[in-house]
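Protein chains in written order, with the working numbering: chain Z, 1 to 623; chain G, 1001 to 1350.
Yeah, the Cβ is synthetic: ideal placement off N, Cα and C, and Gly gets one too.
Worksheet for the structure shown next.
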Amino acid sequence: MNKAVNDFSIIVGTKNGSGSSTANNTILRAIFKMGIPVSGKNLFPSNIQGLPTWYTIRASKDGFTARREEQEIVVAMNPDSFTRDLASVAPGGAFFYADDIKLPITRADIAIYPMPVKKLVRDDHNVPADFRDLVGNMIYVGVLVHMIGLDFDTVQAALNFHFKGKQKPIDMNLNAVKAGAEWAKANLEKKDPYYLEPMNKTEGLIMADGNTAAAIGTIFGGAQFVAWYPITPASSLAEAVNDYIPMLRKRKDGKNTYAVVQAEDELAAIGMAVGAGWSGLRSMTSTSGPGLSLMTEFAGLAYYAEVPVVIWDVQRIGPSTGLPTRTSQADLSFVVGMGHGDSDSIVLLPGNINECFDFGWQSFDIAERVQAPVFVLSDLDMGMNQWMSKPFEYPKTPMDRGKVLWEKDMEDLKGNWARYLDKDGDGIPYRTIPGNKHPLSSYFLRGTGHDEQARYTEDHVVFQRNMERLKKKYETAKEFLPKPIIHGTNGAKIGIIAYGSTEAAINEARIQLEQDHGMKTNFLRVRAVPLTREVDEFVGKHDQVYVVEMNRDGQLHQLLSLANPESATKLISVAHGDGMPASARWVREGILAKNTNGSKPKSVEKKSSAKKTVAKNGKKGAK
Amino acid sequence: MSALPMAGAPANVNAVGLTKHDYRGNPTTLCQGCGHNSISNQIIAAMYEMNVLPENVLKFSGIGCSSKSPTYFMNRSFGFNSLHGRMPSIATGGLFGDHTLKGVGVSGDGDTASIGMGQFKHVMRRNLNLVYIIENNGVYGLTKGQFSATAERGLELKKQGTNPYMPVDICMEAVISNATFVARSFAGNAKQVKELLKAAFAHRGIAVLDIISPCVTFNNADNAHHSYAWGKDHEEPLHDITYIPPRSEIMLETELKEGEIREVAMHDGSTVILKNLEKHYNPTDRYEVLRTLEEAQRNNWLTTGLIYIVENAPTLSDTYNLVDTPLNRLSGADLRPAPAMIDKVNALMF
Chain Z
1 MNKAVNDFSI IVGTKNGSGS STANNTILRA IFKMGIPVSG KNLFPSNIQG
51 LPTWYTIRAS KDGFTARREE QEIVVAMNPD SFTRDLASVA PGGAFFYADD
101 IKLPITRADI AIYPMPVKKL VRDDHNVPAD FRDLVGNMIY VGVLVHMIGL
151 DFDTVQAALN FHFKGKQKPI DMNLNAVKAG AEWAKANLEK KDPYYLEPMN
201 KTEGLIMADG NTAAAIGTIF GGAQFVAWYP ITPASSLAEA VNDYIPMLRK
251 RKDGKNTYAV VQAEDELAAI GMAVGAGWSG LRSMTSTSGP GLSLMTEFAG
301 LAYYAEVPVV IWDVQRIGPS TGLPTRTSQA DLSFVVGMGH GDSDSIVLLP
351 GNINECFDFG WQSFDIAERV QAPVFVLSDL DMGMNQWMSK PFEYPKTPMD
401 RGKVLWEKDM EDLKGNWARY LDKDGDGIPY RTIPGNKHPL SSYFLRGTGH
451 DEQARYTEDH VVFQRNMERL KKKYETAKEF LPKPIIHGTN GAKIGIIAYG
501 STEAAINEAR IQLEQDHGMK TNFLRVRAVP LTREVDEFVG KHDQVYVVEM
551 NRDGQLHQLL SLANPESATK LISVAHGDGM PASARWVREG ILAKNTNGSK
601 PKSVEKKSSA KKTVAKNGKK GAK
Chain G
1001 MSALPMAGAP ANVNAVGLTK HDYRGNPTTL CQGCGHNSIS NQIIAAMYEM
1051 NVLPENVLKF SGIGCSSKSP TYFMNRSFGF NSLHGRMPSI ATGGLFGDHT
1101 LKGVGVSGDG DTASIGMGQF KHVMRRNLNL VYIIENNGVY GLTKGQFSAT
1151 AERGLELKKQ GTNPYMPVDI CMEAVISNAT FVARSFAGNA KQVKELLKAA
1201 FAHRGIAVLD IISPCVTFNN ADNAHHSYAW GKDHEEPLHD ITYIPPRSEI
1251 MLETELKEGE IREVAMHDGS TVILKNLEKH YNPTDRYEVL RTLEEAQRNN
1301 WLTTGLIYIV ENAPTLSDTY NLVDTPLNRL SGADLRPAPA MIDKVNALMF
């Protein structure tokens, strides 16, 4: 049998709340420390204890980190999902299961490995009865150490990291790993081809989740005020601010330069953040779809009253409560047009862990420069899963506090100032900040119609003048926004446009499209709305542009079509919204299914997740 | 020509060198005779007499007739006219900008007891350093006369018919939510309004001032609880109240009657003197406070005066152990971690 090395996926099926995350993270980190590119995705239920949960780990010598839809190795610890887990093993794969599950094994095309998990844990008298289930998960880690070559030393390093060097839990877990490995060595015969072997492809990289990266970026952005309300999958963002800010902003006098407030709901969270933004603080709130719906009212006020504030939306799939633990990119249309009346939104779209960090600090510069709410749209897959990443980079530019006038500035101006006066002709006025002691510095902020002096007025000419200035301001804002990222292939006439966490899947799909189907593509990843000139130019240069996104309606596709009506016929929507992280397969098949001319696809696999679309369009690719 | 050496400061200038005019706002656009206007006037008088610099005050409001009124006093203060029922959250964030500032918020009975009930109760819990005035008229004025949540059961209004629901007692809600200063007054009792405003302003923490402020247009039938006539007849003062500025000698006025006198020291060193009328009312005793409010409700009394006070409770900004410099005066060097910290953070990732 030929060995299959460093290119396969593992899925572990357990019960939610059984403590398997320590074991699964240990496998992920151990593979990473072996130098093998790896990614992990937690497919968990909205539940505290009892429902089935899965963790997928992909090792990829070629560095692909997107979700795969096949798994070669399945570990089944949960009787409730056993049958489904058994069926999910790819032909020729391996199935490890806890042998106290007495259910029929119906597959002959895979290697079957029962593991005496309960017995091995019971045999270790150092494990208290209460801890048996938790530690039991380490048995399968040990079995994998022997069976696929998971490195014991890196497992130890991962546990050391997880338990922050605390010897007692490290030893207890490590003993279970040893017990599993020794038992496997004595009792199991290798019948599958899957192996891990050390490489050097993760050197200099870190492993982090997007919410932690966003929180640390926020702190390096000089965050002074964070208000939040718990919601999956955004809670860990504010919690990470709480975890890291005392260390990163420690002062000799022991006092704080920041406040993090858990509000009573999302209305109050953004209300507090807007209040703090008005009074001159770098202010932020973080939430997900349902919370964002509640925040709409204040977002409109912040737009119209021109208050800087940063709003992170770690997207989950809606509508309504939807699937709280599944990912999505379906809040884009909502955020772009947020609020009643005419409105504009500045939206940043991070596509990886580094950008979660970078947009963490850049969002404050943009919000204060433009005096506007800035939305940052992450998603559950990026926010809560561990990703390999380049290390975070210290901000390259100093903090930009925008057009702010203090006492001395007011004296220099001899009071010749008005809050909403477009002095520079760029639509961005000057603002004063509460606490300014100059007698002419104050103004009365309001969400009602106002003139340049911020006074209430119902004068239709003044009202419209202000609205036109706001429009101009958002035009000016484009120069402060991150430019799109373009990945090119020589001579490609087909373009792909996407945003956010789908980048890994798209780059993998592009290789497959070129190798297997002769389809060369260029790829532009949008990083901000309002869309900038570069996006129009990219559309202009290509014959066909596929817009790939994780939602049902093709929201970016709609936005692009509105922005480029003359090229709208070139834009083809490849949208997919089932709550699962993007895979190269659905990107590839989605594109092939919509391919009508130019480079005809050479083949289309039959097991297409986009099969319905193919059938409906009656354009099945030639086999 | 300079002032005569003997003349001293002109009589109309206070200790911080300002005239009453410096505390004024724009002309009111509320109805003539509206109780809210007399409250604005008492705010102006109280701030002037307390020698408060307008630049040290932040004004907040929600939406409604009452929420317009911060435009009509203290033009030199920054102000934020926010959203319906959301004044507490805006004030919470706003006051974090500079913890040396004092907030004065004006809300109404709809803004506080209906749409804003949640934020009202949570801002009590947090003990924000804010004077929270409710101009309470039991009716929605701007939308032309619907019942509010503080309207009494059985109230009859022209278009609405009879109110079928029990009213919300703002003072009781505030006490239950652990507010640290709760008082009620009646817009027609200008002297008491002013004295309570001064006491509220001197209190460090949340100070709720429920001021029955009759709506002259939509709710001023003689039998309505929020009318002038009813208020005058049913007002039941707990005590006479006199506010003594911190730097003045504490002196009792000669016309004070017999009875127990209780001094309540304010955070800033000033003192509120309460003179009990009929009973030994103790505003620091929650049991008695709640019993008194319940009794008043059963007897249709409008209990006015300082109802409840907790002294020296930590305010929201105390809880956060903030630096002495106002947060909004900090520079980039105070806020962005040093370059070396990025390596430390990267080392903390796996």
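- Between the segment 1163 to 1177 of chain G and the segment 1195 to 1215 of chain G there are three or more inter-stretch CB-CB distances shorter than 8 Å, so the stretches are counted as touching.
- Taking C-beta separations shorter than 7 Å and ignoring five residues to either side along the sequence, the partners of Gly217 of chain Z in its chain run Cys356, Phe357, Asp358, Phe359, Gly360, Trp361, following chain order.
- For the set Z:Ile270, Z:Val309, Z:Val462, the Cα lying nearest the Cα of Thr448 of chain Z is the one of Z:Val462.
- Note on Asn416 of chain Z: under 16 other CB atoms within 10 angstroms of its CB, so exposed under the neighbour-count rule.
- At a cut-off of 8 Å between C-beta atoms, Glu452 of chain Z does not count as an interface residue with respect to chain G.
- In the DSSP annotation of this structure, the continuous segment of the alpha helix (DSSP H) that includes His460 of chain Z starts and ends at 460 to 477.
- In the structure shown, Leu294 of chain Z adopts helical secondary structure according to DSSP, grouped into three states.
- Contact between the segment 1116 to 1125 of chain G and the segment 1035 to 1051 of chain G is absent: fewer than three C-beta pairs spanning the two stretches fall below 8 Å.
- When rounded, the separation of the alpha-carbon atoms in Ala76 of chain Z and Thr14 of chain Z is 7 Å.
- Burial is judged here by how many other beta carbons sit within 10 angstroms of a residue's own beta carbon; Gly210 of chain Z has at least 16 and is buried.
- Counting along the chain, Pro324 of chain Z sits inside no alpha helix (DSSP H); it lies in the beta strand (DSSP E) bounded by residues 323 to 327.
- Annotated as distal: Val155 of chain Z and Ala59 of chain Z, with beta-carbon spacing of 8 Å or more.
- Per DSSP, the continuous beta strand (DSSP E) segment holding Gly93 of chain Z begins and ends at 89 to 98.
- Residue-level contact check: Asn1081 of chain G touches chain Z, since one or more beta carbons of chain Z fall below 8 Å from its beta carbon.
- Proximity of chain G to Asp358 of chain Z at the Cβ level (cut-off 8 Å) is not reached, the minimal Cβ distance being about 12 Å.
- Tyr499 of chain Z places its beta carbon less than 8 Å from that of Glu549 of chain Z.
- Looking only at Z:Lys250, Z:Gly221, Z:Ala214, Z:Gly254, the smallest Cα-Cα distance to Glu239 of chain Z is reached by Z:Ala214.
- The Cβ atoms of Arg67 of chain Z and Met580 of chain Z sit closer than 8 Å to each other.
- Counting along the chain, the unbroken beta strand (DSSP E) around Asn522 of chain Z starts and ends at 521 to 526.
- Secondary structure remark: continuous beta strand (DSSP E) runs of at least 3 residues inside the segment 508 to 587 of chain Z, in chain order: 521 to 526, 544 to 549, 571 to 575.
- Taking C-beta separations shorter than 8 Å and ignoring five residues to either side along the sequence, the partners of Leu348 of chain Z in its chain run Phe359, Gln362, Ser363, Ile366, Val374, Phe375, Val376, Leu377, Leu481, Pro482, Arg527, Ala528, following chain order.
- Secondary structure remark: continuous alpha helix (DSSP H) runs of at least 4 residues inside the segment 192 to 251 of chain Z, in chain order: 210 to 220, 235 to 248.
- If you check the CB distance, Ala1183 of chain G and Ala1202 of chain G do not come in under 8 Å.
- Listed by position along chain G, the residues whose Cβ is nearer than 8 Å to that of Asn256 of chain Z are Tyr1320, Asn1321, Leu1322, Val1323.
- In this structure, the beta-carbon distance from Ala505 of chain Z to Val587 of chain Z falls below 8 Å.
- Between Gly63 of chain Z and Pro79 of chain Z, the CB-CB gap reaches or exceeds 8 Å.
- At the C-beta level, Ile1212 of chain G and Asn1129 of chain G stay beyond 8 Å of one another.
- According to the DSSP assignment, Ala1221 of chain G belongs to no beta strand (DSSP E), since it is labelled neither H nor E.
- Flagged as an interface residue toward chain G: Gly222 of chain Z, by a C-beta distance shorter than 8 Å.
- The alpha-carbon of Glu566 of chain Z is positioned some 28 Å away from that of Gly577 of chain Z.
- The beta carbon of Arg419 of chain Z sits no closer than 8 Å to any beta carbon of chain G.
- Taking Arg1286 of chain G as the centre and dropping the five residues before and after it, the same chain places the C-beta of Val1175, Tyr1308 closer than 8 Å to its C-beta, in chain order.
- Identification of chain Z residues near Pro1326 of chain G by a Cβ-Cβ cut-off of 8 Å yields Gly435, ordered along the chain.
- Within its own chain, the residues whose Cβ lies closer than 7 Å to the Cβ of Ala305 of chain Z, once the five positions on either side in sequence are excluded, are Leu445, Arg446, Gly447, listed in chain order.
- In the assembly as shown, Asn1328 of chain G is a buried residue. Its beta-carbon has 16 or more other beta-carbons within 10 Å.
- Between Thr1180 of chain G and Leu1238 of chain G, the gap from beta carbon to beta carbon reaches 8 Å or more.
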